[in-house]
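By our numbering, the letter at position 19 of the sequence shown is numbered 31, and the numbering carries on one by one without gaps. Think of the CB as a built atom: it goes at the ideal place given N, C-alpha and C, for glycine as much as any other residue. Notes to accompany the following structure.
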Amino acid sequence: MNFSRTDADIFTPDDSLPAAALARVTHLCVAAHQDDIEIMAHAGLCDCLDEPARRAFGGVVVTDGAGAPRSGPYASHTDDQMRAVRREEQRRAATLGGYAIQIQLAHPSADVKAPGHAGVRTDLEQIFSGCSPEVVYLHNPADKHPTHVAVLLRCLAALRALPPERRPRRVLGCEVWRDLDWLPDDAKVALDSGRRPELAAALLRVFDSQLAGGKRYDLATLGRRAANATFHTAHATDKLAGITWAMDLTPLIADPARDVAEFTMGQLDRLRAEVAGQINGIIE
Ligand SMILES: [Zn+2]
Numbered sequence: 013m014n015f016s017r018t019d020a021d022i023f024t025p026d027d028s029l030p031a032a033a034l035a036r037v038t039h040l041c042v043a044a045h046q047d048d049i050e051i052m053a054h055a056g057l058c059d060c061l062d063e064p065a066r067r068a069f070g071g072v073v074v075t076d077g078a079g080a081p082r083s084g085p086y087a088s089h090t091d092d093q094m095r096a097v098r099r100e101e102q103r104r105a106a107t108l109g110g111y112a113i114q115i116q117l118a119h120p121s122a123d124v125k126a127p128g129h130a131g132v133r134t135d136l137e138q139i140f141s142g143c144s145p146e147v148v149y150l151h152n153p154a155d156k157h158p159t160h161v162a163v164l165l166r167c168l169a170a171l172r173a174l175p176p177e178r179r180p181r182r183v184l185g186c187e188v189w190r191d192l193d194w195l196p197d198d199a200k201v202a203l204d205s206g207r208r209p210e211l212a213a214a215l216l217r218v219f220d221s222q223l224a225g226g227k228r229y230d231l232a233t234l235g236r237r238a239a240n241a242t243f244h245t246a247h248a249t250d251k252l253a254g255i256t257w258a259m260d261l262t263p264l265i266a267d268p269a270r271d272v273a274e275f276t277m278g279q280l281d282r283l284r285a286e287v288a289g290q291i292n293g294i295i296e
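Shown next, in the form of structure tokens:
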């Protein structure tokens, strides 16, 4: 495997050869930053830990994490030092979560947001053609963070470039910045992220450089999962201890010509209709 950035990092916690480790991956998460994978795809890594003989989890972080705000013990860190700290944190998470492989492509955020950046495109194409995942976890198109949406769009382009028979069967856009509770119920996928609660907390706490400034992503993520599980239905008891909501993006891969913005606006239109319909139904 040869990626476009010399500072790209390929890590296999069990020391297996990277190409072989990537080929084994059945559940793949491609995210923008260090810590996004653990917020988005806890259900996927639990699925893999439950059936290690048949499943393997792979993580890809596209950016270098240099632009992160820093405070506390990290306040005086340079961009280079922050990159090194975050790379190491992501490796620790991969070890803790039993990932088959963790790839960090180390692209500056600006390159990911630049349309048609050749390095980003060839790196992602190399990854997607090096494995045959059943499920791919990506960011969702209604996310609030521009780098998340950029990474999603680059991933969709790379997946659409694969021959149809090589495209994954299921592609999910997961919540990080801005949740997906608003999606109409039949359009959202409930990822069971209430399993292995101690591991979930430990994985989120690995990213000390992000938590140290008082942004408690660990507590917020666990709280959101619990809230999603409880506020999902008014009249049924909680079946899952935690839910991460995802948007099913498979139609965007099945039909490469489908417009991503229009697809997303279609979901928002359904929310509008649902809210208006309920109000009007009660008034009359
Ligand atoms: Zn992020």
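**Report entry** First and last residue of the uninterrupted alpha helix (DSSP H) at Q102
**Finding:** Counting from one through the sequence shown, the residue named residue 102 turns up at place 90. Unbroken alpha helix (DSSP H) run through Q102: D91 to L108.
Requested in this report: Check each candidate in I115, V161 and F69 and name the one with the smallest Cα separation from G109.
Outcome: Within the sequence shown, numbered from 1, the residue matching residue 109 stands at position 97. For G109, the nearest C-alpha among the options comes from F69.
Query raised in the report: Below 8 Å, can you find three or more Cβ-Cβ pairs linking the stretch 194–203 to the stretch 217–232?
Result: no
**Report entry** Whole-angstrom distance between I295 and H151, CA atom to CA atom
**Finding:** As a working note, residue 151 is residue 139 in the sequence shown. As a working note, residue 295 is residue 283 in the sequence shown. Those two C-alpha atoms are separated by around 38 Å.
Report task. Provide the residue(s) that pair with R182 in DSSP beta bridges, ordered along the chain. Result -> Indexing the sequence shown from 1 puts residue 182 at position 170. Per DSSP, V147.
Query - is_contact[R190, chain B] using C-beta, thresh 8 Å - result: Included in the structure is just one protein chain, with no chain B present.
Report task. Measure the C-alpha to C-alpha separation of A20 and G131 and round it to an integer number of angstroms. Result -> Position 8 of the sequence shown holds residue 20. Position 119 of the sequence shown holds residue 131. Taking the straight line joining both Cα atoms gives about 11 Å.
Requested in this report: Whole angstroms is fine: what's the gap from S141's alpha carbon to R17's?
Outcome: Residue numbering aside, residue 141 sits at position 129 when the sequence shown is read from its first letter. Residue numbering aside, residue 17 sits at position 5 when the sequence shown is read from its first letter. S141 and R17 have their alpha carbons spaced roughly 19 Å apart.
Query raised in the report: Where does F23 land, buried or exposed, given buried means 16+ other C-beta within 10 angstroms?
Result: The count along the sequence shown starts at 1 and reaches residue 23 at position 11. Buried.
Report task. Go ahead and label R284 buried or exposed: buried means 16 or more other beta carbons lie within 10 angstroms of its beta carbon, across all protein chains shown. Result -> As a working mapping, residue 284 is identified with position 272 in the sequence shown. That one is exposed.
Report task. Take C58 and list the residues in its own chain whose beta-carbon comes closer than 6 Å to its own, dropping the five residues that flank it on each side. Result -> Taking the sequence shown and counting its residues from 1, the one referred to as residue 58 is at position 46. Excluding residues within five positions, the ones whose Cβ falls inside 6 Å are R207 and R208.
Query raised in the report: Per DSSP, which one or two residues make a beta bridge with M259?
Result: By one-based count along the sequence shown, residue 259 stands at place 247. G185 and K200.
Query raised in the report: By how many angstroms is the C-alpha of D48 removed from the C-alpha of P158?
Result: Here the question's residue 158 lines up with position 146 in the sequence shown. Here the question's residue 48 lines up with position 36 in the sequence shown. Whole-angstrom Cα-Cα distance: 14 Å.
Query raised in the report: With C167 and L136 assumed to form a contact (beta carbons below 8 Å), what rounded beta-carbon distance in angstroms separates them?
Result: Working through the sequence shown from its first residue, we reach residue 167 at position 155. Working through the sequence shown from its first residue, we reach residue 136 at position 124. Rounded, the Cβ-Cβ distance is 6 Å, consistent with contact.
Report task. Taking only heavy atoms of ligand 1 into account, decide whether any of them is closer than 7 Å to the Cβ of H119. Result -> Taking the sequence shown and counting its residues from 1, one reaches residue 119 at position 107. No, the beta carbon of H119 sits no closer than 7 Å to any heavy atom of ligand 1.
Query - Simplified DSSP assignment, three categories, for G84 - result: Position 72 of the sequence shown, counting from 1, holds the residue named residue 84. Three-state result, G84: helix.
Query - Local Cβ density within 10 Å of F15, reported as buried at 16 or more and exposed below that - result: Reading the sequence shown from its first residue, position 3 is the one you call residue 15. Burial call: buried.
Query - Residues near G235 by beta carbon distance below 8 Å, same chain, minus five either side - result: Against the sequence shown, residue 235 aligns to sequence position 223. For G235, where only same-chain residues beyond five positions count, there are no Cβ hits under 8 Å.
Query - From L174, S144, S121 and I139, residue whose alpha carbon lies closest to that of V161 - result: Counting from one through the sequence shown, the residue named residue 161 turns up at place 149. Comparing Cα-Cα distances from V161 to each of L174, S144, S121 and I139, the minimum goes to S121.
**Report entry** Limits of the alpha helix (DSSP H) - the one that V161 falls within
**Finding:** By 1-based counting over the sequence shown, the position of residue 161 is 149. Looking at the DSSP string, the run of the alpha helix (DSSP H) that includes V161 is P158 to R172.
Report task. Answer yes or no: the CB of A288 versus the heavy atoms of ligand 3, is any distance below 7 Å? Result -> For ligand 3, the structure offers nothing, since it holds only ligand 1.
**Report entry** Closest Cα partner of Q114 within the set R82, L165 and D27
**Finding:** Mapped onto the sequence shown, residue 114 falls at position 102. Measuring from the Cα of Q114, the nearest candidate turns out to be D27.
Query raised in the report: From V188 to P153, what distance separates their C-alpha atoms?
Result: Working through the sequence shown from its first residue, we reach residue 188 at position 176. Working through the sequence shown from its first residue, we reach residue 153 at position 141. Distance between V188 and P153, taken at the CA atoms: about 11 Å.
Requested in this report: May I have all residues whose beta carbon comes closer than 5 Å to any heavy atom of ligand 1, sorted in chain order?
Outcome: A44, H45 and D48
Query raised in the report: Count the other CB atoms within 10 Å of the CB of Q102; is the residue buried (16 or more) or exposed (fewer)?
Result: Position 90 of the sequence shown, counted from the first residue, corresponds to residue 102. Flag for Q102 reads buried.
**Report entry** Spatial distance of D260 from T276 (CA atoms)
**Finding:** Residue mapping note: residue 260 aligns to position 248 of the sequence shown, counting from 1. Residue mapping note: residue 276 aligns to position 264 of the sequence shown, counting from 1. Taking the straight line joining both Cα atoms gives about 11 Å.
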